[in-house]
Amino acid sequence: FRLNIDGLLVYFPYDYIYPEQYSYMLELKRTLDARGHGVLEMPSGTGKTISLLSLIVAYQKAFPLEVTKLIYCSRTVPEIEKVTQHQIKSLSCLTQQLPGSGPLLQKEPLCRADSLRFGKEVDGKCHSLTASYIRAQRHSDPNMPVCRFYEEFDAVGRQVPLPAGIYNLDDLKDFGRRKGWCPYYLARYSILHANIVVYSYHYLLDPKIADLVSKELAKNSVVVFDEAHNIDNVCIDSMSVNITRRTLDRCQTNVDTLQNTIQKIKETDAAKLKEEYRRLVEGLKEANVARETDIYLSNPVLPDEILKEAVPGTIRTAEHFVGFLRRFMEYLKSRLRVQHVVQESTPQFLKDIFDKVCIDRKPLRFCAERLQSLLRTLEIADIADFSAVTLISNFATLVSTYSQGFTIIIEPFEDRTPTIANPVLHFSCMDPSIAIKPVFQRFQSVVITSGTLSPLDIYPKILDFRPVTMASFTMTLARTCLCPLIVGRGNDQVALSSKFETREDFAVIRNYGNLLLEMSAIVPDGIVAFFTSYVYMENIVASWYEQGILENIQRNKLIFIETPDAAETSMALEKYQEACENGRGAILLSVARGKVSEGIDFVHHFGRAVIMFGVPYVYTQSRILKARLEYLRDQFQIRENDFLTFDAMRHAAQCVGRAIRGKTDYGLMIFADKRYARADKRGKLPRWIQEHINDGSLNLTVDEAIQLSKHFLRQMAQPFRQEDQLGLSLLTLEQLESEEMLQKISQIAHQT
Amino acid sequence: MASLSEEVLLVVKKVRQRKQDGTLYLMAERIAWGPEGKDRFTVSHLYADIRCQKISPDGKAKIQLQLVLHTGESTTFHFSNESSALKDRDAAKELLQQLLPKFKKKANKELEEKNRMLQEDPVLFQLYKDLVVSQVISADEFWANRLGDINNTDPAPYNNKQEVGISGAFLADIRPQTDGCNGLRYNLTADIIESIFRTYPAVKQKYSENVPHNLTEKEFWTRFFQSHYFHRDRINTGTQDIFSECAKQDEKGLKSMVVQGVKNPLVDLLSLEDKTLDEGYGVSSGPPSTSNLNRSVKESSNAAIIKRFNHHSAMVLAAGSRKGETPTDQASETSSTDGNSRDSDFFQPPVRLQEAIEYEDLQRKNRPKTVALNLKKSDRYAHGPVPLLSQHYTTSQDIINSVNHIRHEMVNYKPNLTQVLSSTAATSAIAALSPGGVLMVAGAQQAINQMVPTEVQGELKHLYAAAGELLRHFWSCFPVNTPFLEEKLTGHLEEMLQTAYSKFHIWQTRRMMRKT
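Same order as they appear, the protein sequences are chains A and B. First residue of the first sequence? That's 76 in this note's numbering, and the numbers climb one at a time after it. First residue of the second sequence? That's 2 in this note's numbering, and the numbers climb one at a time after it.
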């Protein structure tokens, strides 16, 4: 039906609406109006995605000049699939309501870019068939192999607008197959023309890919990061580099190949190299012009300074450059030969490199660009093989460009295995804002949203931006369908905690086992239990096995356990669901921060209870983390403990939130660690969980928790009908328009 | 003696029962015992009545066999032949083991079925009371019609008993007990063995390969419990263990399960991430290069435990679901080896996705589709057939005409205020038109269910149902194409109807009497 959101007509594809959805849309509209950025937290399962899409599409329709494009970034593939489905729904609703404008909308298709998820090999092969010089060669020699799909596409595809109704990637593939066009290029092409682009974070945040895919996206787009609670880690990942000995070895062979090819070309076609040289002298003007005229999304790997200058003379000729690379590589090798851990900042590193092998900062900076150019000139088709040397050159550019926000750590061996030499050079980014900065700068509105973003104020801090709206929404509930319990003691009054000192304590492990055992007896269907780390889980499982606890649990439910192997875990997961499905009931033991905790939802009977054993602190002994904490303290005045707690709690919330995926769903949330009862931990949980934790559910013993859960489950098992919700947590249009309700709704959003 | 005609399968002499020597006979359908020198059985149990047999543990002085009946009673036989007591007992045990399961299922299924139906369906029970107990109709006849009916129409919920799955903890249930001198004793029942076989087909295979020829049953199980296969956390010590092969096979099964992948895209962790970080980038990338080599023994045993639990659960699950499938099905052939069986349609990605994104409570409920009753003349339906002659039909044309007429009149209507009704006439008209008034008799008629006391209603209902059942019998005889049906129709059905009618009559008069 149609809604009036602050003067904007929004088509909502359902008959009813949750009050918080309305409130969410209001806030979102405010953000768009102000052309600023926003941070919005809304509980999972309250229809975040659909309200977001409805509003922005409506906004697009109302102000086609101000908002041309919606770029929707999500994290996992199933998530993306879901969004596309939502999208189809909301669009089809729109076209139904407005028959006149229907065709117009459908003409601009929606597309998803995850076809880029080709393997490296395919990539290389593709490149070898479609690179421009190869195609040029083919004109003279028609016998060369060629990608039929690409040729077809190039010949006609660009002129023809995509037909209506192609919404997701499968459609696109089909379409491509019918027309004989390469779906990959089709997808990339249509990104530019689609009204709504749904893809994964990396296409926007990872400079290497963003350069290919996203740089031509229009400035007045709205960017949405959904499930953004981990966005800082994604940013950091995309900017960090690890160099091992193996990388260097591979790099060595790469460089050798380069050398040989250069030799060969020199003999046959010296003019080409000259041409390149000339081009380099002229500099990267083109890129500079482009950036200034603001056509492209700027690439954080390509710093501003180097655009204004020509490539320095020392690396201008091909041989020199290869020699330069070789020197740089040797230097890195020598650095890896250390016996003890070294940690230094980028200026230190640069100084050292200058002292030792006389490499200046400036040519280093150009390394990445220069290598690209060389590879182009040498017409080496299979670029996939050169990943190692590309990595090194990217590292060179990054290390010389940023004097802050990065650190270099060289570890001669892994901490757990001090006898085996496995030197690694970590070049790690500590400042997530570097990667995301171009996004904030370029796009007029960036919305960061998730079910668990608490505490909200930390995100603007670590991502370094200024939001115009920050809001956290609660869940309006007709019945309290979530029941957070903090179990702090065992039945024998032993304090339950996963903290380091009591980690090996048998009493704690036994009590944890007891908790799970008792729960398995009273909770129907599925239980998911999360441990703080994989090692911890292994230990606990082993000692539960020895104590016979697992056997007793098996009497009640089947047990499935996450393993480090993703394929095995998927199988376990599927079996778990099957067991829940056929009524036998099952327990899934899993790890916070693991794949399961991040990407799998346990709707309804798949997760009637979540037990969080311990507080999922990150492994604090890692040097990278330490460096990052230090940086955060110095740069953003965030205390180490604050950040660690924040990080632990967001993961705990994430795990626990997996079970509640909607208002008809219900589930127990058991925090089995006495530290959760403290105000500083509790206060960092999302508001929608926090408000259900009352004093009666703090620091319970196992028995008390069982009693409360029994009561809760019995209550929840009663039939729950739509009528019960209506007017409270579910509104019709008429109810929505009543004065009283609007009053109530305004309280839902909690501004910070 | 009736048992003379029975086939005697086994005779065991010198078996004591209640301190009395005698002979044990195992026959085709029952087990019996007669005291020495007498020509009759003092103990005789149908196999169908026996719930299970128990034997005394080896090494006990008395060699006994106990039969536990469904009723809870038990009978103990003591094999007292010094030389061959053990052999005798084992022979009897073996035979019983083969015979008992055959009878378990058969145990008077029909009667049970009837009983259950009567218990579940109170209406049927009442009908049964009305018709059979009061001897309007014979029980056989009552059921002949019923059972066939039910079995034909929807056999699924009644006949297909749900397969009993396997308890997840069946291995845990085998509680080893110490026998006093630092040894362990495991109690195995047929159920547990069945569970083990169903869950671990590899063990079954081993069993069938080895047991009669190479090992005795007892040895086999002893080895099983000693093997690291059972104690999976113990690291493989020797390869001469016959179960090491099983372990390998399991491993293979697990692997093939993994390779097969998952059909539900929402749980497939492999394709979860749109992984685009190249090797070498990222904070904590790089595979755990030191994976297997330097893992301590303890760690790898932990991993083995975890693996084992996953496998065990998967197999238990598969064992439960495997039975339901038809063995000829190609899919199940493969599934029985790796424990993967599934209705694949359900996991079609679009269906799953649709399910995942729908907010059911945001939508209006779709009412279940019903077929609208299409009545040409609804008043006929309400009143039943009426003699055609007395009815004055108005055609739709007439109605339209009259409506038009009235409308026409209303347009030209002018209130004539001088010639209105008198006030008394108006009140009486209103009174007549309001509920309870003369013209509103229909409204005043109270529902019949309020006027008649409930007990009368109940009785009437029963009579009605009984009559209906009889009528059903009556109509089911048509068309009359066999002499049996004809006989039934002319003979006792008429009689039955007569009885039913007279029963009704009696009830009626009784009611009348009571009223007056």
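The C-beta atom is built at its ideal place from N, Cα and C for all residues, glycine as well.
The segment 202 to 228 of chain B: positions lying closer than 7 Å to chain A by Cβ | none
Pick from A:P422, A:D567, A:V666: whose alpha carbon is nearest that of S478 of chain A?
-> Indexing the first sequence from 1 puts residue 478 of chain A at position 403. Nearest option by C-alpha distance: A:P422.
Cβ atoms of S149 of chain A and S275 of chain A: under 8 Å apart, would you say?
-> One-based indexing of the first sequence puts residue 275 of chain A at position 200. One-based indexing of the first sequence puts residue 149 of chain A at position 74. Yes; because the gap between Cβ atoms is below 8 Å, this pair is in contact.
Answer yes or no: do I306 of chain A and L500 of chain A have a C-beta to C-beta separation smaller than 8 Å?
-> The residue labelled residue 306 of chain A in the question sits at position 231 within the first sequence. The residue labelled residue 500 of chain A in the question sits at position 425 within the first sequence. Contact annotation: I306 of chain A and L500 of chain A have beta-carbon atoms that are not nearer than 8 Å.
For A747 of chain A, three-class secondary structure by DSSP | Taking the first residue of the first sequence as 1, we reach residue 747 of chain A at position 672. Assignment of A747 of chain A by DSSP, reduced to helix, strand and coil, places it in the strand class.
Taking Cβ positions only, does F485 of chain B come closer than 8 Å to chain A?
-> Taking the first residue of the second sequence as position 1, residue 485 of chain B is located at position 484. False, the Cβ-Cβ gap to chain A never drops below 8 Å.
If you follow the beta strand (DSSP E) that K55 of chain B is part of, which residue opens it and which one closes it?
-> Residue 55 of chain B sits at position 54 when you count from the first residue of the second sequence. Residues 51 to 56.
List the residues of chain B whose Cβ lies closer than 9 Å to the Cβ of V616 of chain A, in chain order.
-> Position 541 of the first sequence, counting from 1, holds the residue named residue 616 of chain A. Residues of chain B passing the Cβ test: N303, I306, I307, F310.
Establish whether the CB of T421 of chain A and some CB of chain B are separated by less than 8 Å.
-> Locating residue 421 of chain A in the first sequence gives position 346, counting from the first residue. Judged by the 8 Å Cβ criterion, T421 of chain A is not in contact with chain B.
Kindly list, in the order they appear in chain A, the residues whose Cβ is closer than 8 Å to that of V16 of chain B.
-> Position 15 of the second sequence, counted from the first residue, corresponds to residue 16 of chain B. In chain order: nothing, as chain A lies at least about 39 Å away.
Listing by chain order, which chain A residues have their CB less than 9 Å from the CB of S257 of chain B?
-> Residue mapping note: residue 257 of chain B aligns to position 256 of the second sequence, counting from 1. Here the premise fails: no neighbours, minimum Cβ distance about 10 Å.
For K465 of chain B, count neighbouring C-beta atoms within 10 Å of its own C-beta (all shown protein chains included) and say buried if the count is 16 or more, exposed if not.
-> Start at 1 with the first residue of the second sequence, and residue 465 of chain B comes out as number 464. According to the sequence displayed, residue 465 of chain B carries Tyr and not Lys. The residue is exposed, with fewer than 16 neighbouring Cβ atoms inside 10 Å.
Does the Cβ-Cβ distance between F688 of chain A and F606 of chain A come in under 8 Å?
-> Stepping through the first sequence from its first residue, residue 688 of chain A is reached at position 613. Stepping through the first sequence from its first residue, residue 606 of chain A is reached at position 531. Going by C-beta atoms, F688 of chain A is nearer than 8 Å to F606 of chain A.
Just by C-beta distance, which residues in the segment 622 to 636 of chain A are closer than 9 Å to chain B?
-> G623, L625, E626, N627, I628, Q629, R630, N631, K632, L633, I634, F635, I636
Per DSSP, which residues does W34 of chain B bridge with? Please list them.
-> Position 33 of the second sequence, counted from the first residue, corresponds to residue 34 of chain B. B:L25, B:V44.
To which residues of the same chain is Y694 of chain A closer than 8 Å at the C-beta, ignoring the five residues directly before and after it?
-> Looking up residue 694 of chain A in the first sequence gives position 619. Take Y694 of chain A, set aside five residues on each side of it, and the residues of its chain with a beta-carbon closer than 8 Å to its own are S608, L700, in chain order.
Residue range of the unbroken alpha helix (DSSP H) whose run includes L280 of chain A = Translated into positions along the first sequence, residue 280 of chain A becomes position 205. L280 of chain A -> alpha helix (DSSP H) spans 277 to 280.
Test item: CB-CB of L411 of chain A and R325 of chain A under 8 Å = Position 336 of the first sequence holds residue 411 of chain A. Position 250 of the first sequence holds residue 325 of chain A. No; because the gap between Cβ atoms is not below 8 Å, this pair is not in contact.
DSSP three-state assignment for V413 of chain A, whether helix, strand or coil = For the purposes of this step, residue 413 of chain A is taken as residue 338 along the first sequence, with counting starting at 1. Here V413 of chain A sits in coil by DSSP.
Taking A315 of chain B as the query, report the chain C residues whose CB atoms sit under 7 Å from its CB, ordered along the chain.
-> Of the chains in the structure shown, none is chain C; the protein chains are A and B.
Verify the contact flag: M505 of chain A, CB atom, against every heavy atom of the ligand SAH, threshold strictly below 7 Å.
-> Summarising the ligand content, the structure contains no ligands, and the ligand SAH is consequently not present.
Go ahead and label N79 of chain A buried or exposed: buried means 16 or more other beta carbons lie within 10 angstroms of its beta carbon, across all protein chains shown.
-> To locate residue 79 of chain A, count along the first sequence from 1; it is residue 4. Counting Cβ neighbours within 10 Å, N79 of chain A comes out exposed, since fewer than 16 surround it.
What residues of chain B sit near E350 of chain A, judged by a beta carbon separation below 8 Å?
-> What you label residue 350 of chain A is simply residue 275 of the first sequence in a count that begins at 1. Under the 8 Å cutoff, chain B gives no residues; its nearest Cβ is about 30 Å from E350 of chain A.
Identified DSSP bridge partners for H79 of chain B = Position 78 of the second sequence, counted from the start, is the residue given in the question as residue 79 of chain B. DSSP output for H79 of chain B lists B:R17, B:Q65 as bridge partner(s).
Let me know the secondary structure DSSP gives K253 of chain B once reduced to three states.
-> Position 252 of the second sequence holds residue 253 of chain B. Note: K253 of chain B maps to helix in three-state DSSP.
Cα separation between N566 of chain A and L590 of chain A?
-> As a position in the first sequence, residue 566 of chain A is number 491, starting the count at 1. As a position in the first sequence, residue 590 of chain A is number 515, starting the count at 1. Distance between the alpha carbons of N566 of chain A and L590 of chain A: 9 Å.
Counting only the same chain and skipping the five closest in sequence on each side, list residues whose C-beta sits under 8 Å from that of K738 of chain A.
-> To locate residue 738 of chain A, count along the first sequence from 1; it is residue 663. So the list reads Y93, G120, T121, M550, L552, A553, C556, Q800, S804, L805, once near-sequence residues are dropped.
So L10 of chain B and L25 of chain B are in contact, right, with Cβ under 8 Å, and what is the actual spacing, rounded?
-> Counted from its first residue, the second sequence places residue 10 of chain B at position 9. Counted from its first residue, the second sequence places residue 25 of chain B at position 24. Incorrect: roughly 11 Å between the Cβ atoms, too far for contact.
Between A137 of chain A and I401 of chain B, what straight-line distance do the alpha-carbon atoms span, to the nearest angstrom?
-> As a first step, residue 137 of chain A must be located in the first sequence, where it is residue number 62. As a first step, residue 401 of chain B must be located in the second sequence, where it is residue number 400. Between A137 of chain A and I401 of chain B, the C-alpha separation is close to 51 Å.
Touching by the beta-carbon criterion (3+ pairs, under 8 Å), the segment 767 to 774 of chain A and the segment 702 to 718 of chain A = no
What's the gap between the Cα of N82 of chain B and the Cα of M118 of chain B?
-> Reading the second sequence from its first residue, position 81 is the one you call residue 82 of chain B. Reading the second sequence from its first residue, position 117 is the one you call residue 118 of chain B. Cα to Cα, N82 of chain B sits roughly 49 Å from M118 of chain B.
So which residues of chain A does L11 of chain B contact, with C-beta pairs closer than 7 Å?
-> The residue labelled residue 11 of chain B in the question sits at position 10 within the second sequence. Those within 7 Å of L11 of chain B in chain A number zero; the least Cβ separation is about 39 Å.
Pull up the distance between the alpha-carbon of G73 of chain B and that of Q790 of chain A, whole angstroms please.
-> Here residue 73 of chain B refers to the residue found at position 72 of the second sequence. Here residue 790 of chain A refers to the residue found at position 715 of the first sequence. Roughly 39 Å separates the two Cα atoms.
Using DSSP bridges, identify the partner residues of V12 of chain B.
-> Reading the second sequence from its first residue, position 11 is the one you call residue 12 of chain B. Partner(s): B:Y26.
Taking A432 of chain B and D131 of chain B to be in contact with their CB atoms under 8 Å, please state how far apart those CB atoms are, rounded to whole angstroms.
-> On the second sequence, position 431 is the one that residue 432 of chain B refers to. On the second sequence, position 130 is the one that residue 131 of chain B refers to. With 8 Å as the limit, A432 of chain B and D131 of chain B do not qualify as a contact, their Cβ atoms being about 48 Å apart.
To which residues does DSSP link K144 of chain A through a beta bridge?
-> Indexing the first sequence from 1 puts residue 144 of chain A at position 69. Answer is A:S296.
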